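In full-length UniProt numbering, the protein residues as written are 1 to 117.
Positions of the beta carbon are idealized from the N, C-alpha and C atoms, including for glycine.
Predicted model, so just to flag it, every value in this text is computed and none were measured.
Have a look at the structure below before the remarks.
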């Protein structure tokens with residue numbers, strides 16, 4: 001949405017679209033949040049806005065990681081048709097798969113952080 005005029009004050013509403021985990025048909029988007037109107041363009045570079053954008057980016061990354069984790073572990077561990085509940089072997093496999101995925105994600109993240117220094 002573009003600027004909104006109210007008397008001599010101009011407001012800009014910002015809509016942020018974040019990707020939802022890509023699926024077989026492509027990436028879809030959701031509107032994450034509508035920021036309150038800002039009274040001037042200098043507000044676009046405010047520390048509060050930058051902090052908000054960083055938080056939303058981190059939320060999107062976590063959401064994407066959880067979606068990817070779910071897809072990978074489900075495909076690996078759930079081999080038959082799903083009944084009313086998972087077998088004990090499937091539950092164990094899903095738990096181990098999720099733990100290994102999270103451990104590897106932490107290792108990769110720490111490695112990238114050390115490369116930045």
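Here the C-alpha atom of residue 111 lies approximately 12 Å from the C-alpha atom of residue 103. Per the C-alpha coordinates, the member of 59, 60, 76 and 56 positioned closest to residue 95 is 76. Cβ atoms of residue 105 and residue 65 come within 8 Å of each other, at about 6 Å. The alpha-carbon of residue 62 is positioned some 26 Å away from that of residue 79. Secondary structure note for residue 91: its alpha helix (DSSP H) is the uninterrupted segment 88-116.
The beta carbon of residue 69 sits closer than 7 Å to the beta carbons of 98 and 101 from its chain, once the five residues preceding and following it are set aside; these are given in chain order.
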